[in-house]
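Residue numbering for the sequence shown follows the working numbering, beginning at 567 and increasing consecutively.
Just so it is clear, CB atoms sit at the ideal spot from N, CA and C, and this is done for glycine as well.
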Amino acid sequence: MLPRDGGAGDDEAPAELHQKSSSHPLPPPLVRLYVYALHGLLCEVVFTALWDWCGTRDSRLTGHSSLWALPMYATAIYLMESLRARLLDQHHPLPARLISYTVFIYLWEFSWGAGLRLLGACPWDYSAYRYNLGGLVTLEYALPWAMASLIAEKHVIRNTLRIRLDD
């Protein structure tokens with residue numbers, strides 16, 4: 567099902583995720599994971615470049631990330647597909663959905679960070695931030711995560727689910 571053209575409050579049918587039509591099947595999971603991984607990595611590099619620029623005014627805009635970001639973002643956004651479908655099916659308003667996504671992101675980031683820290687491989691440390699939890703998450707990023715959630719719901723997931731591959 568293609569989304570209707572319309573205003574900001576015009577959501578597509580929530581059941582699009584569960585669409586099983588043989589004429590328009592969902593893209594395979596590996597395709598979706600690939601798109602989500604690359605999207606997340608790109609957004610992280612852009613975000614870190616802009617965040618660092620705000621503090622340093624370094625016009626080189628040298629963003630950074632880690633290869634760990636690929637599976638982390640891929641699986642997070644893939645799981646957000648189901649969360650999105652449920653929240654839309656239940657007709658939750660946008661602010662409630664954004665809060666739900668942001669809480670999910672914090673839980674996901676904390677879980678990945680804890681696991682990577684056990685392996686000595688956690689590429690981030692928010693200990694210098696005032697409102698951090700174990701250096702693994704920080705409330706200072708709540709608004710950027712909510713904005714990322716909005717982009718994921720309205721554009722990334724929505725358009726990724728519309729990808730059609732020809733045989």
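Close beta carbons around residue i, own chain, < 7 Å, minus the five adjacent residues each side
| i | result |
| --- | --- |
| residue 653 | 663 and 666 |
| residue 704 | 692, 695, 697 and 698 |
| residue 680 | 702 |
| residue 716 | 664 |
Strand pairing of residue i, partner residues [DSSP]
| i | result |
| --- | --- |
| residue 725 | According to DSSP, which records beta bridges pairwise, residue 725 is partnered with nothing at all. |
| residue 703 | 699 |
Inter-residue Cα distance where the pair is residue i and residue j
| i | j | result |
| --- | --- | --- |
| residue 635 | residue 595 | 18 Å |
| residue 601 | residue 726 | 7 Å |
| residue 671 | residue 646 | 9 Å |
| residue 629 | residue 700 | 24 Å |
| residue 638 | residue 607 | 9 Å |
Residue i, buried or exposed, once every other Cβ within 10 Å from all chains shown has been counted against 16
| i | result |
| --- | --- |
| residue 631 | buried |
| residue 668 | buried |
| residue 675 | buried |
| residue 625 | exposed |
| residue 592 | buried |
| residue 648 | exposed |
| residue 620 | exposed |
| residue 719 | buried |
| residue 610 | buried |
| residue 730 | exposed |
| residue 623 | exposed |
Contacts around residue i, its chain only, beta-carbon distance under 6 Å, and the 5 residues preceding and following it disregarded
| i | result |
| --- | --- |
| residue 599 | 640 and 644 |
| residue 728 | none |
Cutoff 8 Å; reference residue i; Cβ partners in own chain excluding five residues on either side
| i | result |
| --- | --- |
| residue 722 | 601, 602, 605 and 643 |
| residue 509 | Nothing about residue 509 can be read from this structure; the chain reaches only from 567 to 733. |
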